[in-house]
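Novice:
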Amino acid sequence: MRQGSWFKPLKDVEGKLAGIVSNPLYIPSDNISRLQAELGRHEPRLALDGGLNGMDDLLHLCNGAALMLRPGGFFIFEVLIF
């Protein structure tokens with residue numbers, strides 16, 4: 004187990020990972036106030052806000068995953084289309 008910001012703690016395994024699984028922030032900032040109560044009122048905004056169009060963290064992960072994965076590796080992530 005490693006702790007840190009994004010891919011920084013994994014520099015020693017760059018290009019060697021078989022796969023990455025992620026549940027990134029993907030809700031556009033303006034949509035958070037319209038979420039179902041069980042999400043919007045019970046989760047901290049920090050756990051939901053994906054930026055202006057919801058893609059901020061996903062784009063960062065895609066760029067990082069390309070460097071971290073070995074040839075033939077996989078990247079799985081969850082998104083919700085609004």
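Each residue of the sequence shown is one higher than the one before, counting from 4 in my numbering. Where a beta carbon is used, it is the ideal one built from N, C-alpha and C, also for glycine.
D33: buried (16+ other C-beta within 10 angstroms of its C-beta) or exposed?
Specialist: exposed
Novice: Along the chain, where does the alpha helix (DSSP H) containing L62 start, and where does it finish?
Specialist: D59 to M71
Novice: Mark D52 as exposed unless 16 or more other C-beta atoms lie within 10 angstroms of its C-beta, in which case mark it buried.
Specialist: With a threshold of 16 other beta carbon atoms within 10 Å, D52 meets it and is buried.
Novice: Within the same chain, show all residues whose beta-carbon is closer than 8 Å to that of I79, passing over the 5 residues directly before and after it, in chain order.
Specialist: G22, I23, V24 and S25
Novice: Output the boundary residues of the beta strand (DSSP E) element that contains V24.
Specialist: In the DSSP annotation of this structure, the continuous segment of the beta strand (DSSP E) that includes V24 starts and ends at L20 to S25.
Novice: With DSSP collapsed to three states, give me the class of P47.
Specialist: coil
Novice: Confirm, please, whether the CB-CB distance from E17 to L62 is below 9 Å.
Specialist: no
Novice: Within 10 Å of its beta-carbon, does G57 have 16 or more other beta-carbons around it, so buried, or fewer, so exposed?
Specialist: buried
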